[in-house]
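Here the sequence shown stands for residues -7 to 157, numbered as in the numbering used here. Idealized CB from N, CA, C, for every residue including glycine. Everything numeric in this text was worked out from a predicted model, so none of it was measured. Report on one structure; see the data block that follows.
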Amino acid sequence: MSSLSIFAQAEASRQIEIIEVGEHTSVKDIIKAALQRGLFQGDEKEALVYVEDRDDPLDNDKPFLAQGGKDKDRVIVHRCRRVDVTVAFNARREQDKFSPAATVARVKKWFVKEIGMTPVDASEHVLQLAGTTDRPDPDTHIGTLVAKGLCSISFTLVPRKRVEG
């Protein structure tokens, strides 16, 4: 079997590295590769690997492919089992816990459902990191957005910029 490529990210960084994975490559090997490339900067013993939008981390001692991993998977190396997410909109504020591999789109979908926003209204809003003007892309892993050493993040739901003619 030839090697496969995975797209790896880590906490507190939007940098993406391509890591080659073979049939017997363990999740620990992925963590070591992330450390060697400076992608993950924590303690190897604390590192967990998540596949995009999966809630639970992979088993570090088992091969990546044996756990359902596949070519072109997006993974994140993180030390948090869950990220405490808070989203605010007008007077509403909701909180829940997500996998570090959850995307911004998944968080937005959860929040708009929680507050009962219509799909049309939701399409006119985006998530912005609280206290900033940073509006991460919908496919961004929330674990890449948390500050180093934290397991929480806050967003504000804001109107998408409208262009008036």
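Pairwise C-alpha distance: residue j and residue i
| i | j | result |
| --- | --- | --- |
| Lys37 | Ile107 | 39 Å |
| Tyr42 | Leu50 | 6 Å |
| Ala94 | His70 | 12 Å |
| Gln59 | Arg73 | 18 Å |
| Leu31 | Ser(-3) | 16 Å |
| Ser(-5) | Ala25 | 15 Å |
| His133 | Arg152 | 20 Å |
| Asp47 | Leu40 | 12 Å |
| Thr110 | Lys100 | 12 Å |
| Gly123 | Ser144 | 14 Å |
| Pro55 | Pro130 | 29 Å |
| Gly14 | Arg84 | 47 Å |
| Gln1 | Pro128 | 15 Å |
Beta bridge counterpart(s) of residue i as assigned by DSSP
| i | result |
| --- | --- |
| Ser91 | Looking at the DSSP assignment, Ser91 forms no beta bridge with any residue, so it has no partner. |
| Ala25 | Bridge partners of Ala25: none, in fact. |
| His133 | Thr95 |
| Gln120 | Thr148 |
| Pro128 | Bridge partners of Pro128: none, in fact. |
| Pro55 | Ser18 |
Start-to-end residues for the alpha helix (DSSP H) that takes in residue i
| i | result |
| --- | --- |
| Glu106 | 96 to 107 |
| Ala114 | 111 to 115 |
Three-way DSSP call (helix, strand, coil) for residue i in this model
| i | result |
| --- | --- |
| Ala39 | coil |
| Thr78 | strand |
| Glu86 | strand |
Residue i: CB within 7 Å of a non-hydrogen atom of the ligand HEM
| i | result |
| --- | --- |
| Ile8 | This structure lacks the ligand HEM, and indeed carries no ligand of any kind. |
Beta strand (DSSP E) segment containing residue i, residue limits
| i | result |
| --- | --- |
| Val13 | 5 to 13 |
| Ser(-3) | -4 to 2 |
| Arg66 | 66 to 70 |
- prompt: Taking three-plus beta-carbon pairs below 8 Å as touching, is the stretch 75 to 95 in contact with the stretch 9 to 29?
  reply: no
query: Do the stretch 137 to 150 and the stretch -4 to 7 meet, that is, are 3 or more Cβ pairs less than 8 Å apart?
result: yes
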